[in-house]
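Asks: In our numbering, the protein residues as written are 6 to 154.
Listed below in structure tokens is the structure:
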């Protein structure tokens, strides 16, 4: 696909809506966490450090609405809900891992540029950094290994 895409106004709106979904703060992390198997909500929450219960719920609903994640209610005591990637969701894994690898490789450079732009390390940027848990390369490598299979 070329960098310049010619779309009708309706198609452009749909294009932006989909990009908004998969490009939000949490969607790619949730998708990449579901790469190997289905997970219960609590397992998924532990697998995405820093996500609140509400944000995970909203992200999963959006991904399910777009056909990327399947939600399965298992009749048991207590009731269990599992989440897994659909075949369409699996097509997003390779691009997701590439983006996450890029972020991992360029995070320090981007943060340095931000600090320089913001006036050499404002306290607001430092406070935000302390609240955001890092994505580790070890968690990235497990997903990359799954892609290579």
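Beta carbons are placed, not taken as given, at the ideal position from N, Cα and C, and that holds for glycine. Note that this is a predicted model, so its numbers are computed, not measured.
1. Distance check for residue 32 and residue 104, CA to CA, integer angstroms please.
2. Exposed or buried, what is residue 24 when buried is set at 16 or more other beta-carbons lying within 10 Å of its beta-carbon?
3. Can you give me the C-alpha to C-alpha distance between residue 61 and residue 123, rounded to a whole angstrom?
4. Give the DSSP-derived three-state secondary structure of residue 48 in the structure shown.
5. Leaving out five residues before and five after residue 58 in sequence, what residues of the same chain have Cβ atoms less than 7 angstroms from its Cβ?
6. Whole angstroms is fine: what's the gap from residue 46's alpha carbon to residue 109's?
7. Just the C-alpha distance for residue 90 and residue 120, rounded to the nearest angstrom, thanks.
8. From which residue to which residue does the alpha helix (DSSP H) around residue 87 run?
9. Confirm, please, whether the CB-CB distance from residue 70 to residue 78 is below 9 angstroms.
10. Using only the alpha-carbon positions, how far apart do residue 76 and residue 41 sit?
11. Does residue 76 come out as helix, strand or coil in the three-state DSSP assignment?
12. Roughly how many whole angstroms lie between the Cα atoms of residue 53 and residue 29?
13. May I have the straight-line CA-CA distance separating residue 2 from residue 34, to the nearest angstrom?
Replies: If we stick to the structure as given:
1. Spanning the two alpha carbons is a distance of roughly 12 angstroms.
2. By the neighbour-count rule (16 or more Cβ atoms within 10 Å), residue 24 is not buried but exposed.
3. Taking the CA atoms as reference points, residue 61 sits about 30 angstroms from residue 123.
4. It is helical.
5. The answer, listed in chain order, is 50.
6. Answer to the nearest angstrom: the Cα atoms are 26 angstroms apart.
7. A straight line joining the alpha-carbon of residue 90 with that of residue 120 spans about 37 angstroms.
8. In the DSSP assignment, residue 87 falls outside any alpha helix (DSSP H) and lies within the beta strand (DSSP E) extending over 85-90.
9. If you check the CB distance, residue 78 and residue 70 do not come in under 9 angstroms.
10. Just so you know, the alpha carbons of residue 76 and residue 41 end up roughly 16 angstroms apart.
11. Residue 76: strand per DSSP, three-state reduction.
12. The C-alpha of residue 29 is placed about 14 angstroms away from the C-alpha of residue 53.
13. There is simply no residue 2 to check, as the chain begins at 6 and stops at 154 in what is shown.
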